[in-house]
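Here the structure comes first, spelled out in structure tokens, and everything after it is commentary.
Number of protein chains: 2
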Amino acid sequence: MDSTTMLYEFADRIAAAVTFDYGSNHNARECKCAEASCRRLGIEWICIPLEFMKRYFRSALLDGPGAIPLGDDYNAENMAATVVPFRNGIMLSIAAGLAQSLGLTTVMLANHSGDHHIYPDCRPAFVSAMNSAISEGTGEKVVLEAPYTHLTKNEIAIRGAKIGVDYSLTYSCYCGGERHCGRCATCRERAEALAAAGLPVDCLPLADDHASDTTPTAQA
Amino acid sequence: MDSTTMLYEFADRIAAAVTFDYGSNHNARECKCAEASCRRLGIEWICIPLEFMKRYFRSALLDGPGAIPLGDDYNAENMAATVVPFRNGIMLSIAAGLAQSLGLTTVMLANHSGDHHIYPDCRPAFVSAMNSAISEGTGEKVVLEAPYTHLTKNEIAIRGAKIGVDYSLTYSCYCGGERHCGRCATCRERAEALAAAGLPVDCLPLADDHASDTTPTAQA
Chain A
1 MDSTTMLYEF
11 ADRIAAAVTF
21 DYGSNHNARE
31 CKCAEASCRR
41 LGIEWICIPL
51 EFMKRYFRSA
61 LLDGPGAIPL
71 GDDYNAENMA
81 ATVVPFRNGI
91 MLSIAAGLAQ
101 SLGLTTVMLA
111 NHSGDHHIYP
121 DCRPAFVSAM
131 NSAISEGTGE
141 KVVLEAPYTH
151 LTKNEIAIRG
161 AKIGVDYSLT
171 YSCYCGGERH
181 CGRCATCRER
191 AEALAAAGLP
201 VDCLPLADDH
211 ASDTTPTAQA
Chain R
1 MDSTTMLYEF
11 ADRIAAAVTF
21 DYGSNHNARE
31 CKCAEASCRR
41 LGIEWICIPL
51 EFMKRYFRSA
61 LLDGPGAIPL
71 GDDYNAENMA
81 ATVVPFRNGI
91 MLSIAAGLAQ
101 SLGLTTVMLA
111 NHSGDHHIYP
121 DCRPAFVSAM
131 NSAISEGTGE
141 KVVLEAPYTH
151 LTKNEIAIRG
161 AKIGVDYSLT
171 YSCYCGGERH
181 CGRCATCRER
191 AEALAAAGLP
201 VDCLPLADDH
211 ASDTTPTAQA
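See the structure below:
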């Protein structure tokens with residue numbers, strides 16, 4: 001949702017978009033969505049596979065749907081298991097080298113403030129340090145911009161709704177199934193953001209998961 | 001030469017060594033050498049292929065031996081063509097994520113002062129910024145050390161000779177042939193460093209290249 005909103009908002013400045021396929025449960029669906037959004041906006045789409053992450057890195061995000069914390073398991077400690085070590089550092093470094101190779105001057109990242117707590121490589125201090133590293137390491141040819149660093153995911157969705165982002169061409173679920181599971185942390189955040197923006201929520205929990213919440217009173 | 005010297009000097013602190021195969025002319029030979037040195041020192045060796053660099057990145061180092069500046073072509077402008085954009089940033093980012101995944105605390109880089117002029121991602125300012133980015137992005141779990149940043153390649157070789165580094169298990173030539181060409185920039189630096197350390201020079205220019213230097217007086 002966040003990257004696609006940025007793609008729409010800055011479409012006239014963006015020469016190419018990069019999706020990294022690092023073997024997470026949801027990467028394949030994410031790639032299809034990214035490709036479709038880029039085609040619609042007329043932006044070149046590049047997919048870079050990073051097989052080594054699936055092979056060597058430790059993260060619940062890389063260990064199949066069964067490893068993703070759901071429902072009552074959704075707390076800070078369990079969520080920390082979904083960190084992919086230095087994921088944004090790796091993706092930004094590759095994007096920076098690619099940008100310099102293509103004669104481009106800027107790399108953009110759609111991190112947001114809701115991720116700061118769990119993911120260190122989404123925080124303002126990381127973005128600032130990474131911008132310095134990219135600038136120094138490319139001989140000041142490339143810089144990093146992160147326009148949503150201080151926005152919440154809800155604010156991003158509200159912004160996206162105003163400029164007509166098609167969120168049906170985005171995929172969020174950490175479990176990677178055909179439909180959004182509605183129970184993992186990212187599905188919950190997606191539902192909240194879509195609702196805040198007044199858009200249809202496509203990641204409701206399945207009926208079974210809500211059985212215990214459904215009382216006769218509520219049905220009436 | 002530089003990485004292998006560091007491998008020997010810090011062997012008792014090093015849990016794993018990573019070689020990146022990014023499709024340069026000399027990567028295949030470099031990998032064989034790195035693997036052999038690690039086997040000798042009892043250090044785990046990990047090889048990470050980065051096919052996307054060969055495919056998308058622009059550098060004389062990735063365009064076959066014919067693109068490497070030789071002999072009279074060896075000047076700052078031509079040497080700049082051998083820059084692989086943000087190469088050290090990419091390799092260090094992956095190494096940082098790998099270190100965090102393996103529960104290790106430090107990533108080490110054997111950059112040296114002779115590379116500062118041509119390669120921005122070897123300079124002290126880059127190393128310092130990249131250290132901040134790695135520290136911030138891993139939640140202060142990993143830091144970067146670059147113990148040779150202020151040494152020359154000659155000083156590194158002198159250090160290596162003292163501790164018994166086997167430089168016959170290192171490969172430097174940018175052209176990637178079976179023997180060191182002796183004419184590219186890195187072969188010239190290798191020859192100078194080995195000579196400074198009082199070690200046999202294994203990358204002398206071929207006889208043909210020296211024909212014009214050989215006068216009857218010199219032969220006598």
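Protein chains in written order, with the numbering used here: chain A, 1 to 220; chain R, 1 to 220.
For each residue, glycine too, the CB sits at the ideal point set by N, CA and C.
Open item on the list: Which residues of the stretch 100 to 117 of chain R have a Cβ closer than 7 Å to any Cβ of chain A? Give them in chain order.
Closed with: 100 and 101
Open item on the list: Applying the 10 Å Cβ sphere with the 16-neighbour rule, what's the burial state of residue 163 (chain R)?
Closed with: exposed
Task: Span separating the alpha-carbon of residue 178 (chain A) from that of residue 25 (chain A) - done: 11 Å
Task: Closer than 8 Å to chain R by CB, residue 215 (chain A) - done: Summary for residue 215 (chain A): the model assigns pLDDT 35, below 50, so the residue's position carries little reliability; its value from the coordinates is reported in the next sentence. So, not an interface residue.
Task: Cβ of residue 23 (chain A) within 8 Å of any chain R Cβ - done: no
- [ ] Tell me whether residue 3 (chain A) is buried or exposed, calling it buried when 16 or more other Cβ atoms sit within 10 Å of its Cβ.
- [x] buried
Task: Partners in chain A for residue 269 (chain R), counting only beta-carbon separations shorter than 9 Å - done: Residue 269 (chain R) lies beyond the range of chain R shown here (1 to 220); nothing can be said about it.
Open item on the list: Please return the same chain residues whose Cβ sits closer than 8 Å to the Cβ of residue 107 (chain A), not counting the five positions on each side in sequence.
Closed with: 92, 95, 96, 99, 134, 142, 143, 144 and 145
Open item on the list: Quick check on residue 75 (chain R) - is its C-beta less than 8 Å from some C-beta in chain A?
Closed with: Output row for residue 75 (chain R): interface = no.
Task: Segment contact, 8 Å Cβ cut-off, at least three pairs: the stretch 123 to 138 of chain A with the stretch 28 to 48 of chain A - done: no
Open item on the list: Against chain A, with Cβ distances strictly below 8 Å, would residue 15 (chain R) count as a contact?
Closed with: Taking 8 Å as the CB threshold, residue 15 (chain R) stays off the interface with chain A.
- [ ] Indicate whether residue 127 (chain A) and residue 109 (chain A) have their beta-carbon atoms separated by less than 8 Å.
- [x] yes
Task: Endpoints, the beta strand (DSSP E) within which residue 47 (chain A) is located - done: 44 to 49
Open item on the list: Going by DSSP in three states, residue 52 (chain R) sits in which element: helix, strand or coil?
Closed with: Note: residue 52 (chain R) maps to helix in three-state DSSP.
Open item on the list: Suppose you measure from the CA of residue 9 (chain A) to the CA of residue 151 (chain A); what does that come to, to the nearest Å?
Closed with: 14 Å
TODO: Count the CB pairs spanning the stretch 112 to 125 of chain A and the stretch 73 to 87 of chain A that are closer than 8 Å, and state whether there are at least three.
DONE: The stretch 112 to 125 of chain A is in contact with the stretch 73 to 87 of chain A.
Open item on the list: Tell me the residue span of the beta strand (DSSP E) that contains residue 106 (chain A).
Closed with: 106 to 108
Task: Cβ-based neighbour list, residue 27 (chain A), same chain, cut-off 6 Å, excluding 5 preceding and 5 following - done: 21
TODO: Could you round the C-beta distance between residue 168 (chain R) and residue 1 (chain R) to whole angstroms and report it? I think they count as a contact, below 8 Å.
DONE: With 8 Å as the limit, residue 168 (chain R) and residue 1 (chain R) do not qualify as a contact, their Cβ atoms being about 11 Å apart.
Open item on the list: Buried or exposed, going by whether 16 or more other CB atoms sit within 10 Å of the CB of residue 105 (chain A)?
Closed with: exposed
Open item on the list: Can you tell me where the alpha helix (DSSP H) holding residue 98 (chain A) begins and where it ends?
Closed with: 87 to 101
Open item on the list: On the criterion of 16 or more Cβ atoms from any shown chain inside 10 Å, does residue 32 (chain A) qualify as buried, or is it exposed?
Closed with: exposed
- [ ] Use the C-beta contact count for residue 30 (chain R): other C-beta atoms within 10 angstroms, 16 or more gives buried, fewer gives exposed.
- [x] By the 10 Å Cβ count, residue 30 (chain R) comes out buried.
Task: Pairwise C-alpha distance: residue 159 (chain R) and residue 17 (chain A) - done: 46 Å
TODO: Check the C-beta distance from residue 41 (chain A) over to residue 53 (chain A) and give it rounded, since I have them as a contact under 8 Å.
DONE: Not a contact, Cβ separation roughly 28 Å.
Open item on the list: Quick check on the DSSP output: the beta strand (DSSP E) that includes residue 30 (chain R) runs from which residue to which?
Closed with: Here residue 30 (chain R) belongs to no beta strand (DSSP E); instead the alpha helix (DSSP H) covers 27 to 41.
TODO: Can you pull the chain R residues whose beta carbon is under 8 Å from the beta carbon of residue 125 (chain A), in chain order?
DONE: 136
Open item on the list: Going by beta-carbon coordinates alone, are residue 193 (chain R) and residue 131 (chain R) separated by less than 8 Å?
Closed with: no
Task: residue 79 (chain R) vs residue 69 (chain R) beta-carbon contact at 8 Å - done: yes
- [ ] Check whether the Cβ of residue 29 (chain R) lies closer than 8 Å to any Cβ atom in chain B.
- [x] The question asks about chain B, but that chain is absent: this structure's protein chains are A and R.
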